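Below is one structure, written out as structure tokens, with a few remarks after it.
2 protein chains.
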Amino acid sequence: MDRNIYLSNISLDKAIEIYFEKIKDLKMPIEVIKTYEAKGRITAKPIFAKISSPFYNSSAVDGIAVDSKKTFTASEKNPVRLKEGVDYTTVDTGDPIPDECDAVIMVEDLIKVSEDEVEIIKPAIPWQNIRQMGEDIVEGQLILPQSHKIRPVDIGALIAGGVFEVEVYKKPKVAVIPTGTEIVEPGTELKVGDIIEFNSRVFVSLIDEYGGDATRFDIVKDDFEKLVEVVDKASKEFDLILLNAGSSAGREDYSRKVIETLGEVYIHGVAIKPGKPVILGKVNQKPIICIPGFPVSAFFVMENIVKKVVAYLQGYDVKDKRYIQAYLSKRVTSSSKYLEFVRVKLGFIEDKYIAAPIERGAGATMSLVKADGVLEVPEELEGYEKGSKVNINILKSEDEIKNTILCIGSHDVILDIASDLLSKKGKFTLSSAHVGSMGGILALKDRETHFATLHLLDLQSGEYNRPYIKRYIPNRKIALIKFVKRIQGLMVKKGNPLNINSLEDIVKKGARFVNRQKGSGTRILLDYELKKLGINPREIIGYDREDYTHISVAAQVAKNNADCGLGVYSAAMIMGLDFIPVAMEEYDIAIPLEYLELEGIKQFIDVITSKEFKMELDKLGGYDYKDLGKIIIE
Amino acid sequence: MDRNIYLSNISLDKAIEIYFEKIKDLKMPIEVIKTYEAKGRITAKPIFAKISSPFYNSSAVDGIAVDSKKTFTASEKNPVRLKEGVDYTTVDTGDPIPDECDAVIMVEDLIKVSEDEVEIIKPAIPWQNIRQMGEDIVEGQLILPQSHKIRPVDIGALIAGGVFEVEVYKKPKVAVIPTGTEIVEPGTELKVGDIIEFNSRVFVSLIDEYGGDATRFDIVKDDFEKLVEVVDKASKEFDLILLNAGSSAGREDYSRKVIETLGEVYIHGVAIKPGKPVILGKVNQKPIICIPGFPVSAFFVMENIVKKVVAYLQGYDVKDKRYIQAYLSKRVTSSSKYLEFVRVKLGFIEDKYIAAPIERGAGATMSLVKADGVLEVPEELEGYEKGSKVNINILKSEDEIKNTILCIGSHDVILDIASDLLSKKGKFTLSSAHVGSMGGILALKDRETHFATLHLLDLQSGEYNRPYIKRYIPNRKIALIKFVKRIQGLMVKKGNPLNINSLEDIVKKGARFVNRQKGSGTRILLDYELKKLGINPREIIGYDREDYTHISVAAQVAKNNADCGLGVYSAAMIMGLDFIPVAMEEYDIAIPLEYLELEGIKQFIDVITSKEFKMELDKLGGYDYKDLGKIIIE
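Quick mapping for you: the protein sequence lines, in order, are chains A and B. Numbered per numbering that gives the first Met the number 0, the first sequence spans residues 0 to 633. Numbered per numbering that gives the first Met the number 0, the second sequence spans residues 0 to 633.
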């Protein structure tokens, strides 16, 4: 085992400072390009206006140009009559002002007397309604400073100021090289151990946003000689090299040695999490960065290091992170050894942003898709308490976040369907965090969600949901929107090879079970049914193995990771499993009474009570929706 | 005069609602493209995962895969010894887990005994350190809803979920047609009345940001038949037509008639200011929008209407306006007939955003370049009082705004030079609002600026600046940073054709003067000198004609709009004017004592006391900087 396990743990800011010092002579050369093609480029020099705009006096309105002295006596009692060609010239907005004139009277203030005569009833003030020469831009004036990223409006001002070509830094050409023996091109027939390569595609797309020009290389297998050859060649043709994978301390880690063979490693290991094993170096006078293979680590290295390097090569400093202040819906712990990036969902509840850290069960790439923002826990802190006011780096616009309905609670695929139907309507989106029914109740109690989805069986009364709401949220008026009744049952492989027909059979047949997490309605139901049957949970193999959604439990069974699990009919169908009904349960929505008036909630209720939605329920099967939309207020 | 003066005044929201209803059948067709090329495109269908990711159980760490049952007895006292090939398999992060194993032990927890044997001192918990199949993405799971704009991270999740091609709406092809007899291509030799065409270049660049694919047409002169021909042809090849200019009620307004000839005008006139005369119509089953010619109007029509239309054609709703809350530094009045867009500068002073409406003297295109944000005054309001808390649509990131040093006060070109030198350093930018010395003092008093620049002569003591600070800001500790002494003088045309050698000569020679605005130090100096000489300001032609900067006064003289003006030496030199010294004055910086500790201010002081800056002053001439950087605190 040949592993590079000695990583440094230098702070992000320090790492960047050191690296910039090392690559300070590698900045991009300057090129001259057409102004109208300069969007997103960085000015290499300050840019001054070559001409004034306007370069003559012009009318600011539609009307007539006059010599103001001829109008001084005008009043309602004594209108002044003016003749075209003699006393006035008709002008439109932008027209030049004749030399003898010093004011423009608006068309609305003219009384037409004949084809070429008008009367006015008040005098014109000298220079009224005239855009003076240079009013917009004065020759010699600074239009843009150096190191400025050119925006569309800048292009307008530059051309108006007579600047038709600009000096900018060349766009860095970036080589994106995916490496690893285990990664395969999308479309390849997959065998166990293969990983579909997609990081490079994300990188290319990010580099485009950062203002670079990226080229994706073919996958390079873990062959040291080959890797050296490819990197050497790339470093001669590109301005920045990104090597993906192979920068963790794994066996197949050639990246560091490749760089050391061709050039120099300056930093290996930065105190960020995820993203720690990043390598910063130089090969053939070109910066090279090795990015960890785990997609979430890769993303944070791109956003926090590569983005800055692409900017730095063009003499630019990135300043576009956007933050809002939010309240944390639960405690976040973090190591004081790292700057930690925690993905969060955001909701705007009662005029406050609520940040809900994304549950651990969430997948890697999907958690990035679902994240609304990132909490950056500084190196010196060990985390934040629940309820803390924190700064969140937002990944969406505030408008989007404010138009997001936050649902925290128990998951069902029908939420995805409702989410999709709502998105189609345009304005609102549904964002759901899957923390189980009890998690939803607690979020509702703490005013951290718009609504909760739940299916909680009260063991005493046998009633669903209402007893829990009354017990846990006694001081808030909560309405219950009836959603669906759904069948919960055992999901087993097609053909039911172990012939499991009841909960008892799990133990009898020694089947491998996969459970749901604590606090989930499905788990409470399981425990209730097991108790009724007098089964000790300890007898079930895999009782402690937790998954977070119905569909992921179904997937475990489908791929023979388990023999059975408890879940809803639709999840079994999607995964092509057999289904043994165990109980019918009530899956409802708990929502503070006053939220029923919110526009987004109204649209959401429209969606779930629509024909289209019910048709989708029929397609899935296993749902009874005869009470759907009934609102219970007490 | 043939003018379309009857415009409707429908609200922005209503106009868009009506227009969308009219063009609802003109949405873009769907196309299938490679996932990795889909950044910025809008999903036409919900997208579900085709495979799970990972599609097998894999190791989450580097270590050994084991059957947990074999480890249950391990403790510090009784280590368990495991043999490679028999009891364990070495795995790296991402490696598949062999069928007989159900846990991974991290390499850090292994005690190496021999080449193929290790000992462990605690048991492995079943499923520890294993990334379960489908942990990230489960087959059949919704990855993206319909009507979603695809981001780089989405591309990763899609490919990971086995989705290599996506159904998206085609990008709308947008024809940008500049029209008008007065507009000319950049580079044409200019004659009075010409306007350089640049709006179309701004539009093309904005359309790119909006997710459309724009083509700029050659300028079409105001020839009705020609315009009809060009629009007709464009409407057959493009998905959206933008006609620029000709939509105000001016004489040369053919746009409306062009549309009416080929199709239908739905709306002409929307209650926004600027931007009112916009036209929304349809030609040959393609939406067509006529955009006013004034660049600022054009910009707001693009941002508030065209952007939404480009999105709507792709089934998308724009949600990316970003707002912050700021305090208004002065009263803003607005007509209750319009939704009004007021450009503002933003500063972050003492933990509050301050919004300073951009002065009226500011030019059109430059005011867009300089604007940090836009205050949207709703139709039903007549404005806001000074100090009001308002929402500002920000055009820069909050980071940029927070790294902006706000200077409100008297203008001098040396501020532009300092601004450029500061920008080059990377982090901070200087943003200066030119409102004259008194305006600066008041902003400082109201805590609305980081510092003020001023040159105010106390008529009693003959001393500069300090008496004003003491008088107007008695309750705040203000430091005075000595900046420069500069010569103020009369700027006259090269060769001094009217032979003006003193202020008296302005009256004697009947010269046309151009003055500075009230409250400016230059105006106070003029009034002081006139009083000393016993000259009645009323005798000066143009005494009431106000301009806002030295350089624009100089430009007026250079282009023969005036015969003389009072200003600084450097402005006269830039504009190639002769200069008759009148007085030496002290141009200084007033700054609250505590701000001297701000990092941005320190960098600013470094810049103005640098050799490079002084060299620039020498180049300009007319500045005495021997006291530069001296700080007077009392």
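Virtual Cβ for every residue (Gly too), placed ideally from N, Cα, C. Fair warning: this is a prediction, and the values are worked out from it, not measured in the lab.
When the alpha-carbon of A/Pro-276 is set against those of A/Glu-633, A/Thr-608, A/Asp-231, A/Leu-11, the nearest one is in A/Leu-11.
Separation of B/Phe-202 and B/Arg-40 (C-alpha to C-alpha, rounded to the nearest whole angstrom) is 19 Å. B/Met-574 belongs to the set of residues whose beta carbon lies under 8 Å from a beta carbon in chain A.
Within chain B, not a single residue places a beta-carbon under 9 Å from that of A/His-433; the smallest gap is close to 12 Å. Assigned with DSSP and collapsed to three states, B/Leu-239 falls in strand. Separation of A/Ala-325 and A/Tyr-352 (C-alpha to C-alpha, rounded to the nearest whole angstrom) is 5 Å. Taken through DSSP and simplified to helix, strand or coil, B/Ala-432 comes out as strand.
Residue state for A/Thr-448 is assigned as coil, using DSSP reduced to three classes.
Contact annotation for B/Arg-40 against chain A: no contact, minimum CB-CB distance about 11 Å [criterion: below 7 Å]. Residue burial annotation: B/Leu-374 is buried, with at least 16 other C-beta atoms found within 10 angstroms of its C-beta.
Ranked by Cα distance from B/Tyr-55, the options B/Phe-427, B/Ala-571, B/Arg-130 are led by B/Arg-130. Burial is judged here by how many other beta carbons sit within 10 angstroms of a residue's own beta carbon; A/Asp-546 has at least 16 and is buried.
Around the C-beta of B/Thr-34, 16 or more other C-beta atoms lie within 10 Å, and the residue is accordingly described as buried. Under the 10 Å beta carbon count, A/Glu-114 is surrounded by fewer than 16 other beta carbons and is classified as exposed. Straight across, the Cα-Cα distance linking B/Ile-607 with B/Ala-417 is about 6 Å. Secondary-structure assignment with DSSP links B/Met-490 through a beta bridge to B/Gly-564, B/Phe-578. Against chain B, a Cβ distance below 7 Å from A/Ser-422 picks out Pro-144, Gln-145, Ser-146, His-147. Against chain B, a Cβ distance below 8 Å from A/Asn-56 picks out Asn-560. Taken through DSSP and simplified to helix, strand or coil, B/Met-583 comes out as strand. Its chain contains Val-173, Ala-174, Ile-176, Val-230, Ala-233, Ser-234, Val-282, Lys-285, Pro-286, Ile-287, Ile-288 as the residues whose beta carbon lies nearer than 8 Å to that of A/Ile-240, once the 5 sequence neighbours on both sides are disregarded; these appear in chain order. Taking CB atoms only, B/Phe-603 has no neighbour in chain A less than 8 Å away. Ranked by how close their Cα comes to the Cα of B/Glu-339, the residues B/Val-227, B/Asp-419, B/Glu-164, B/Ser-296 have B/Ser-296 in first place. As for any beta strand (DSSP E) of minimum length 3 sitting wholly inside the region 79-146 of chain B, the runs are 79-82, 87-90, 102-105, 110-113, 116-119, 141-143, ordered along the chain.
In the DSSP assignment, B/Glu-259 falls within the unbroken alpha helix (DSSP H) covering 254-261. 8 Å or more divides the Cβ of B/Phe-512 from the Cβ of B/Tyr-463.
When the alpha-carbon of B/Val-85 is set against those of B/Lys-69, B/Ser-74, B/Leu-242, B/Ile-278, the nearest one is in B/Lys-69. Rounded to the nearest whole angstrom, the C-alpha separation of B/Lys-484 and A/Ser-146 is 30 Å.
With respect to chain A, the C-beta atom of B/Phe-298 has a partner C-beta closer than 8 Å. The DSSP-derived three-state label of B/Val-343 is strand. Spanning the alpha carbons of A/Ile-404 and B/Thr-42 requires a straight line of approximately 21 Å.
In the structure shown, A/Thr-214 adopts extended strand secondary structure according to DSSP, grouped into three states. A/Gly-314 and B/Gly-425 have their C-alpha atoms some 8 Å from each other. With fewer than 16 other CB atoms across the displayed protein chains lying within 10 angstroms of its CB, A/Ile-32 is exposed.
Sorting A/Leu-242, A/Ile-632, A/Met-614, A/Thr-89 by C-alpha distance to the C-alpha of A/Tyr-624 places A/Met-614 at the top. Residue environment for B/Met-574: buried (at least 16 other C-beta atoms within 10 angstroms of its C-beta).
Setting aside the 5 residues that flank it on each side, B/Lys-49 is surrounded in the same chain by Glu-138, Gly-160, Gly-161, Val-162, each with a C-beta closer than 8 Å to its C-beta; the list follows chain order.
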